[in-house]
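In structure tokens form, the structure reads like this:
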């Protein structure tokens with residue numbers, strides 16, 4: 001389906017090729033999106049099928065942005081202009097790109113760098129009617145009802161409707177409705193904070209981790225003041241406390257900018273931490289993050 005979108009954007013006759021060239025569209029982002037869409041998943045009837053396919057035809061002239069939005073909605077992605085090309089960000093499993101704590105965000109006057117908000121209960125739907133095209137019924141519009149019975153029993157029935165663009169599979173329609181329900185029921189919290197030039201590394205849709213000392217009640221992140229690869233020993237900017245049981249890990253940023261977790265073996269004088277090893281390229285004043293068995297990882301997109 002990703003290449004249908006590519007064709008629409010770059011073709012000079014029936015697409016936007018006279019305004020957008022091949023160099024203006026991020027084809028590598030579409031390549032990864034296409035791989036995700038083409039993966040085989042259960043179809044709900046004992047077989048398998050591609051996760052997302054497109055079977056649609058355009059019969060009327062419409063605004064380019066509206067058509068682009070329809071294609072992107074089917075692939076669970078959004079178009080983003082990154083300053084050079086039109087790229088796309090898809091809601092799919094991915095690794096975190098960066099960690100933010102009190103040491104690498106802008107501290108406001110009230111001393112609370114992270115401000116949280118939650119979605120309204122009325123916006124958390126637990127049932128959805130998905131409209132799709134049924135090829136076994138003369139290509140007429142059919143409706144697939146998807147429900148979360150546990151959420152209905154807890155909150156009461158809250159129904160919404162959606163149109164699955166280009167969908168001719170009942171299994172795909174069911175997955176689209178299930179994705180909407182799980183997104184609204186599980187992704188209920190947003191966080192607002194300010195950063196400096198460090199935030200230029202991101203594009204919309206990046207997965208980040210928030211280590212908020214006020215939320216956790218203990219020191220969970222900061223800066224590395226000194227690195228000794230021979231010992232191996234780290235000097236942190238604040239004291240940490242190890243749990244009485246379980247393994248504590250500390251996440252560091254290596255020379256490639258990737259997060260690497262190593263085991264904490266002991267703590268002396270509160271800020272000097274002996275670790276199992278020091279990853280290559282860990283620099284002074286880089287960010288560290290403490291991982292404890294009792295702390296849940298808090299990821300945001």
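Residue numbers (UniProt numbering): 1 to 301. Note that beta-carbon positions come from the ideal geometry of N, C-alpha and C, so glycine has one too. Here the structure is a predicted model, which is why all the values come from computation and not from measurement.
Closest Cα partner of residue i within the set the options
{"i": "residue 280", "options": "196, 264, 254, 202", "result": "254"}
{"i": "residue 302", "options": "97, 69, 90, 264", "result": "This structure cannot settle anything about residue 302, because the visible part of the chain is limited to 1 through 301."}
{"i": "residue 203", "options": "216, 8, 84, 53", "result": "84"}
{"i": "residue 181", "options": "158, 258, 165, 193", "result": "158"}
{"i": "residue 250", "options": "10, 241, 258, 264", "result": "264"}
{"i": "residue 258", "options": "116, 282, 299, 16", "result": "282"}
{"i": "residue 242", "options": "219, 135, 284, 95", "result": "219"}
{"i": "residue 234", "options": "217, 288, 205, 185", "result": "288"}
Beta-carbon proximity check, residue i vs residue j, cutoff 8 angstroms
{"i": "residue 104", "j": "residue 198", "result": "yes"}
{"i": "residue 170", "j": "residue 44", "result": "yes"}
{"i": "residue 322", "j": "residue 262", "result": "Nothing can be reported for residue 322, as the shown portion of the chain is limited to 1 through 301."}
{"i": "residue 191", "j": "residue 114", "result": "yes"}
{"i": "residue 40", "j": "residue 48", "result": "yes"}
{"i": "residue 188", "j": "residue 119", "result": "yes"}
{"i": "residue 23", "j": "residue 88", "result": "no"}
{"i": "residue 25", "j": "residue 6", "result": "yes"}
Spatial distance of residue i from residue j (CA atoms)
{"i": "residue 77", "j": "residue 38", "result": "15 angstroms"}
{"i": "residue 20", "j": "residue 31", "result": "18 angstroms"}
{"i": "residue 34", "j": "residue 106", "result": "38 angstroms"}
{"i": "residue 221", "j": "residue 212", "result": "8 angstroms"}
{"i": "residue 208", "j": "residue 99", "result": "6 angstroms"}
{"i": "residue 75", "j": "residue 58", "result": "17 angstroms"}
{"i": "residue 137", "j": "residue 247", "result": "58 angstroms"}
{"i": "residue 293", "j": "residue 175", "result": "33 angstroms"}
{"i": "residue 286", "j": "residue 295", "result": "22 angstroms"}
{"i": "residue 260", "j": "residue 252", "result": "5 angstroms"}
{"i": "residue 177", "j": "residue 128", "result": "6 angstroms"}
{"i": "residue 90", "j": "residue 284", "result": "34 angstroms"}
{"i": "residue 112", "j": "residue 164", "result": "42 angstroms"}
{"i": "residue 86", "j": "residue 14", "result": "19 angstroms"}
{"i": "residue 244", "j": "residue 223", "result": "24 angstroms"}
{"i": "residue 149", "j": "residue 124", "result": "14 angstroms"}
{"i": "residue 64", "j": "residue 55", "result": "19 angstroms"}
{"i": "residue 228", "j": "residue 186", "result": "42 angstroms"}
{"i": "residue 94", "j": "residue 73", "result": "19 angstroms"}
Outcome for residue i when other beta-carbon atoms lying within 10 angstroms are tallied against a minimum of 16
{"i": "residue 214", "result": "exposed"}
{"i": "residue 172", "result": "buried"}
{"i": "residue 151", "result": "buried"}
{"i": "residue 144", "result": "buried"}
For residue i, the residue or residues it bridges with in DSSP
{"i": "residue 224", "result": "236"}
{"i": "residue 116", "result": "191"}
Neighbour flag for residue i against chain C, beta carbons, 8 angstroms
{"i": "residue 124", "result": "Any reference to chain C falls outside this structure, which holds one protein chain only."}
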